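Take a look at the structure below.
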Amino acid sequence: MSAFQSSGPAGATASAVCSLSLEPMMMLVCLDLESRSLEAVREAGRFGISVLGEGQREAAEIFATKSEQVEKWATVRWREHLGVPIIEGGPAHVVCEVAEIIPGGDHVIVTGEVLEVEAEDDPAEPLIYHGGLFRRLDAGSGSDG
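First residue of the sequence shown: 594, per the numbering used here; consecutive thereafter.
Dropping the structure here:
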């Protein structure tokens, strides 16, 4: 998850990101109350979701730390798009306008109306985090059962 603040791009690895609504199209991201990226989201009024590819594990790990934002962004290729920083090289990205920031215990739920969804023509497999580990998607058996 990313946003611009007065000092430059800010971002954090968010483990809770999902679709919220189809009409209007909305997403949600959950952030720790102490996340420095939360202040950037409030300041900017919009945020980006960069879906990382399986080869971008290091980016996910550094963005999950409390490292300075300038150090985080120096480790990735990124570009500004529709007013948010987008990490390049992943299978997709989403740009959202903040709708609400809702308290939720030691986190907040940031809801956003989707301005754009863009998927790469030949996307990498997404980076998956489950059970405390980064994993690959399993193609499965192809059966419905």
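Glycine included, C-beta positions come from ideal geometry on N, C-alpha and C. Source: prediction; values computed, not measured.
- Glutamate 706 sits in a strand when the DSSP states are folded into three classes.
- In this structure, the beta-carbon distance from isoleucine 694 to arginine 639 does not fall below 8 Å.
- Ranking Arg650, Ile655, Glu709, Ala717 by CA distance to the CA of alanine 603 puts Ile655 first.
- By the criterion of a C-beta distance shorter than 6 Å, proline 678 is surrounded in its chain by Ser595, Pro602, Trp671, once the five residues flanking it on both sides are discounted.
- When C-beta atoms of the segment 661 to 671 are compared with those of the segment 606 to 624, fewer than three pairs fall below 8 Å, so the two segments do not count as touching.
- Taking a 10 Å sphere around the C-beta of glycine 641, we find 16 or more other C-beta atoms and assign the residue as buried.
- Judged by DSSP secondary structure, arginine 728 falls outside any alpha helix (DSSP H) and instead within the beta strand (DSSP E) spanning 726 to 728.
- With a 10 Å radius around the Cβ and a threshold of 16 neighbouring Cβ atoms, glycine 646 comes out buried.
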